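Q:
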Amino acid sequence: MSDRIQAIRGMNDILPEDAHWWTFFENTVAEWLAAYGYRTIRMPILEQTALFKRSIGEVTDIVEKEMYTFEDKLNGEQLTLRPEGTASCVRAVLQHNLLYPGPLRLAYSGPMFRHERPQKGRYRQFHQIGVEALGFDGPDIDAEQIMMAARLWKALGISGLRLEINSLGDAASRAIHRGKLIRHFEAHSEILDEDAKRRLYSNLLRILDTKNPALQEMVQSAPRLIDELDEDSLRHFDGLKSILEEVGIADAINPRLVRGLDYYNRTVFEWVTDRLGAQGTVCAGGRYDGLIAQIGGKPAPACGFAIGIERILSLIQEDNPGVSAQSCDLYLVHQGERASRFAVIASEYLRDNGYSVVLHCGGGSFKSQMKKADASGARFAAIIGEDEAGSSEIGLKSLRTEMEQVRMGLADAVVWLRTQII
Ligand code: ATP
Ligand code: MG
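First residue of the sequence shown? That's 80 in this note's numbering, and the numbers climb one at a time after it.
1. Is any heavy atom of the ligand ATP found at a distance shorter than 7 Å from the C-beta of residue 88?
2. Taking its Cβ as the centre, do 16 or more other Cβ atoms sit within 10 Å of residue 94, making it buried, or is it exposed?
3. Can you determine whether any heavy atom of the ligand MG sits closer than 7 Å to the C-beta of residue 21, and answer yes or no?
4. With distances taken Cα to Cα, identify the nearest neighbour of residue 198 among 358, 474, 188.
5. Please list, in chain order, all residues of the same chain as residue 309 whose beta carbon is under 7 Å from its beta carbon, the five residues on each side excluded.
6. Nearest by alpha-carbon distance to residue 389: which of 100, 81, 82 is it?
7. With a CB to CB cut of under 8 Å and the five nearest residues on each side skipped, what residues in its chain are close to residue 432?
8. Does the Cβ-Cβ distance between residue 392 and residue 237 come in under 8 Å?
9. Going by DSSP, what residue range makes up the alpha helix (DSSP H) through residue 451?
10. So is residue 149 buried or exposed if we call it buried at 16+ other beta carbons inside 10 Å?
11. Can you find at least 3 beta carbon pairs, one from the segment 298-312 and one from the segment 96-110, that sit closer than 8 Å?
12. DSSP three-state call for residue 439: helix, strand or coil?
13. Taking the straight line between their C-alpha atoms, what separation do you get for residue 442 and residue 412?
14. From this set, 280, 258, 343, which residue's C-alpha is nearest residue 26's C-alpha?
15. Determine the extent of the alpha helix (DSSP H) in which residue 95 is found, giving its start and end residues.
16. Should residue 157 be listed as close to the ligand ATP, given that the test is whether its C-beta is under 7 Å from any heavy atom?
17. For residue 488, count the other beta carbons within 10 Å of its own beta carbon; 16 or more makes it buried, fewer makes it exposed. Which is it?
18. First and last residue of the alpha helix (DSSP H) that includes residue 192?
19. Between residue 382 and residue 131, how many whole angstroms is the CB-CB distance? I'm expecting something under 8 Å.
20. In this structure, what does DSSP give as the bridge partners for residue 350?
21. Considering only residues of the same chain and omitting the five flanking positions on each side of residue 429, which have a CB-CB separation below 6 Å?
22. Whole angstroms is fine: what's the gap from residue 86's alpha carbon to residue 204's?
23. Are the Cβ atoms of residue 187 and residue 227 separated by less than 8 Å?
24. Based on DSSP bridge pairs, tell me the residues matched to residue 179.
25. Only counting the same chain, and skipping five residues up and downstream in sequence, which positions put a Cβ closer than 6 Å to that of residue 407?
26. Using the beta-carbon count (16 or more within 10 Å), is residue 480 buried or exposed?
27. Between the Cα of residue 219 and the Cα atoms of 498, 447, 323, 348, which residue gives the shortest distance?
28. For residue 200 and residue 355, which I take to be in contact (beta-carbon distance under 8 Å), what is that distance rounded to the nearest angstrom?
29. Check the C-beta distance from residue 374 over to residue 207 and give it rounded, since I have them as a contact under 8 Å.
30. In three-state DSSP terms, what is residue 168?
31. Does the ligand ATP have even one heavy atom less than 7 Å from the beta-carbon of residue 200?
32. Considering only the beta carbon of each residue, do residue 384 and residue 363 sit closer than 8 Å?
33. Any heavy atom of the ligand MG within a distance shorter than 7 Å of the CB on residue 274?
34. Note down the Cα distance separating residue 157 from residue 128, rounded to an integer number of angstroms.
Below you can see the structure in the form of structure tokens.
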């Protein structure tokens, strides 16, 4: 027993009993993306390490301590399991020159990898759906993406998510703010914890994101980046706010909202809930106007966001406790050689006519087969014995309601089932 191989810590199997939630989510997302004209792109899960160092930033938490990076022993390349999708997506766009004809809207989804301490809502392999709009510079696209997210929550039946927005301005306004912030933190140097001291000269803005209660007062009284915004960023932010107001999306400006990745500027936003404890951010994104140039492309503005699928699914599951997996229409039990041959033909015929059928395999008595039929969750048992096979008929019995068993030919069964299965 002890030498049985287990999955890697923080990397979960998605079992059949949960898979239907994923299917529901994925189907809803596919329709939602189509409604906004976003086209999908699929990138590899492994990339050159340099891509993430250059885009996310050397001194961010992700690059410093969360990446699965290794050397490919076969050729000596430095590789990293992608910790997020934006960098790979932009890399693919540049590599294939997709921006050449003009701006574009893209979406991707799949597993991401970060070496974090696993807990509810925080895993080492987790899944995101991400959208990126490349080549757009106005606040209209920022607003579209926020509206899009709001529509998805509605389609998924999730309520109670709160939108927080902020603007990080441009590089010059961040530099001015940075100076003031350093002076503020230095004036309180006696209370800074180790993490904050380390970040003071590297990833300064992240100090504002600290969860340490002892630092909250100092963080609350810190100079605000939003007070230093350059004129263009301010106009952009006002533009975004007025569109959101027009379409009736309530937002809260959170002047301490920063992102853990270096490439963001101007608009940043998060959708948060109080229902998931410290893992309350279900969707995060913003503008990254400098990234394309940073990884070697012709400068172009862009904006995007990513949704943490596991976190969203736990909200959906909480809100819909009674919903269970979709099961088959029919479970076909059969006994005897002739019956078994007819069962194959009958099950294919029923599938041809749109029904889902599990054909019993492995023999056994009618009684034991009926138990399996019941446990399968199917709506009906279809029953074929030598007798039915002899007259090319099937027996049908509801497994979910009281009902006399009926018997008829296959063509009649197709019609009759239609009156029973809505
Ligand atoms: P957090 O502050 O929770 O660590 P983050 O700022 O690192 O989040 P992003 O890089 O912005 O997260 O990723 C976007 C979304 O992906 C998050 O809002 C969250 O829903 C989800 N996410 C991020 N890391 C994980 C993880 N380790 N496990 C599960 N979901 C995650
Ligand atoms: Mg994180």
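Even for Gly, the Cβ is constructed at its ideal location relative to N, Cα and C.
Note that the structure is predicted; figures quoted are calculated from it, not measured.
A: By the coordinates alone:
1. For the ligand ATP, not one heavy atom lies less than 7 Å from the Cβ of residue 88.
2. Exposed is the label assigned to residue 94, since fewer than 16 other Cβ atoms lie within 10 Å of its Cβ.
3. In this structure the chain extends from 80 to 501, so residue 21 is not present and cannot be described.
4. Of 358, 474, 188, the residue nearest in Cα terms is 358.
5. The answer, listed in chain order, is 248, 249, 251, 252.
6. Of the residues 100, 81, 82, the one whose Cα lies closest to the Cα of residue 389 is 100.
7. Taken in chain order, the residues that qualify are 493.
8. No; because the gap between Cβ atoms is not below 8 Å, this pair is not in contact.
9. Per DSSP, residue 451 belongs to the alpha helix (DSSP H) from 445-454.
10. Classification of residue 149: exposed, given that the 10 Å Cβ count is below 16.
11. Short answer: they don't touch.
12. Of the three classes helix, strand and coil, the one that applies to residue 439 here is coil, per DSSP.
13. Straight-line Cα distance between these residues: approximately 9 Å.
14. Here the chain has residues from 80 to 501 only, and residue 26 is not among them.
15. Start and end: 95-114.
16. For residue 157, the Cβ stays outside the 7 Å cut-off from all heavy atoms of the ligand ATP.
17. So residue 488 counts as exposed.
18. Where residue 192 is concerned, there is no enclosing alpha helix (DSSP H), although the beta strand (DSSP E) it sits in stretches over 183-192.
19. About 20 Å separates the two Cβ atoms, so there is no contact after all.
20. According to the DSSP secondary-structure assignment, residue 350 is paired through a beta bridge with 242, 362.
21. By the criterion of a C-beta distance shorter than 6 Å, residue 429 is surrounded in its chain by 436, once the five residues flanking it on both sides are discounted.
22. Taking the straight line from one Cα to the other gives about 11 Å.
23. Going by C-beta atoms, residue 187 is not nearer than 8 Å to residue 227.
24. None, per the DSSP bridge assignment.
25. Result list for residue 407: 435, 437, 457, in chain order.
26. Residue environment: residue 480 is assigned as exposed (fewer than 16 neighbouring CB atoms within 10 Å of its CB, all protein chains considered).
27. Minimum Cα-Cα distance from residue 219 among the listed residues 498, 447, 323, 348 corresponds to 323.
28. Contact between residue 200 and residue 355 is confirmed by a C-beta separation of about 5 Å, below the 8 Å threshold.
29. In fact, because the Cβ distance is near 19 Å, the residues do not count as touching under 8 Å.
30. In this structure, residue 168 counts as helix in the three-state DSSP scheme.
31. Distances between the C-beta of residue 200 and the heavy atoms of the ligand ATP include at least one below 7 Å.
32. Yes, Cβ-Cβ distance for residue 384 and residue 363 is below 8 Å.
33. Because no heavy atom of the ligand MG lies under 7 Å away, the Cβ of residue 274 does not count as near it: no.
34. When rounded, the distance between both Cα atoms is 6 Å.
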